[in-house]
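J.:
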Amino acid sequence: MGRFDGRVAIVSGAGQGIGAGIAARLASEGAAVGVLDLNADAASSSAEAITLAGGTAVGIGADVTSEEGVNAAVDQVVRELGGLDIVVNNAGITRDNMLFKMSVEDFDLVLAVHLRGTFLLTKAAQRHLVEQRYGRIVNLSSRSALGNRGQANYASAKAGVIAFTATAALELGPFGITVNAVAPGYIATDMTAATARRLGMDPEEHQKLAAEQIPVRRVGTPDDIAAVVAFFASEEAGYVSGQTLHVNGGQR
Ligand code: NAP
3 MGRFDGRVAI
13 VSGAGQGIGA
23 GIAARLASEG
33 AAVGVLDLNA
43 DAASSSAEAI
53 TLAGGTAVGI
63 GADVTSEEGV
73 NAAVDQVVRE
83 LGGLDIVVNN
93 AGITRDNMLF
103 KMSVEDFDLV
113 LAVHLRGTFL
123 LTKAAQRHLV
133 EQRYGRIVNL
143 SSRSALGNRG
153 QANYASAKAG
163 VIAFTATAAL
173 ELGPFGITVN
183 AVAPGYIATD
193 MTAATARRLG
203 MDPEEHQKLA
213 AEQIPVRRVG
223 TPDDIAAVVA
233 FFASEEAGYV
243 SGQTLHVNGG
253 QR
């Protein structure tokens, strides 16, 4: 018996990185998973890996900033997987720069993917969740929500995700729906590798340096985040809502 037997999940940005780890974890515990990603091929590969491991998944190419695309993705999940219970808003990008050099386009794009994307997918999904009086929504924030040099766009978006989480929890709680956020610290993915390269460093060297500043003396993995998302997504977490849990190896 898996914790998510009979449940259906949708995970955005699940073609790689943390999202792929979350999708695999939910599927390994019995959920049928809609693997949504901007890159349709990556979504399909991620879904195929789940299927090969004995799980159930469907890959969907969609842009979370498009209302039409998100609505169609949710409809496809409900139609092909038989419902919707768990929503993970994970899709994300970075366009780092000091604010005096940051273009308006890069500010708007990062806000759109993280914040508008989280709003659109939550809005599309809540129709189904409210009707069935059950749902679990988990949003990806970041340690950067506390402020991070070179990330005026990303930090603002991730702080917005925390406020969105708290508000959606208030509105959706009466319908049996919990809404929580996870705020990862340093997790080794393509996103952090890109940051390392931007700073002129080899990703492994960057991870080694970061690990020295982290109390548990290592950087995180997608599995570290997937374990916490799975808890928030579980039935037993039904009295936990509106929370943001920092998962960062003990950094203050
Ligand atoms: P990642 O490896 O870059 O993966 C992000 C995924 O989101 C990619 O597959 C990307 O697709 C997809 N995506 C981007 N824009 C999209 C859009 N408009 N619509 C649909 N999908 C889109 O990043 P990650 O490190 O796994 O990060 C996952 C989440 O965790 C993000 O929200 C990130 O901000 C958050 N987070 C990460 C860290 C970290 O240390 N890695 C720390 C704190 C928070 P493409 O590849 O096609 O662009």
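Under my numbering, think of the first position of the sequence shown as 3, with each following residue one higher.
No residue lacks a Cβ here, since even glycine has one placed at the ideal position from N, Cα and C.
From a predicted model like this one, the values you see are computed outputs, not experimental measurements.
#1: Which of the three DSSP states is assigned to I24 in this structure?
#2: What are the boundary residues of the alpha helix (DSSP H) that includes G175?
#3: Give me, in chain order, the residues of the same chain whose beta-carbon lies closer than 6 Å to that of D65; leave out the 5 immediate sequence neighbours on both sides.
#4: Specify, as a first and last residue, the run of the beta strand (DSSP E) that N99 falls within.
#5: Helix, strand or coil, according to DSSP, for L83 in the structure here?
#6: Output the boundary residues of the beta strand (DSSP E) element that contains R138.
#7: Nearer than 8 Å: is that true of the beta carbon of T124 relative to any heavy atom of the ligand NAP?
#8: I want to check one thing, is the minimum distance from the CB of S143 to the heavy atoms of the ligand NAP below 8 Å?
#9: Using a 10 Å radius around the Cβ and a threshold of 16 neighbouring Cβ atoms, would you call K160 buried or exposed?
#10: Is I139 closer than 9 Å to P186 when the C-beta atoms are compared?
#11: In this structure, does DSSP put T120 in helix, strand or coil?
T.: In brief:
#1: In this structure, I24 counts as helix in the three-state DSSP scheme.
#2: That residue, G175, is in no alpha helix (DSSP H); it is neither H nor E in DSSP.
#3: In the same chain as D65, and ignoring 5 residues on each side of it, the C-beta atoms closer than 6 Å to its own belong to L40, G71, in chain order.
#4: Element bounds for N99: n/a, residue is neither H nor E.
#5: When secondary structure is reduced to three states using DSSP, L83 falls in the helix class.
#6: It spans 137 to 142 - the beta strand (DSSP E) in which R138 sits, taken as one unbroken run.
#7: Result no, Cβ not under 8 Å from the ligand NAP.
#8: S143: yes, Cβ under 8 Å from the ligand NAP.
#9: Counting C-beta atoms within 10 angstroms of its own C-beta, K160 has 16 or more neighbours from the protein chains shown and is therefore classed as buried.
#10: Contact flag unset, no.
#11: Reduced to three states, the DSSP call for T120 is helix.
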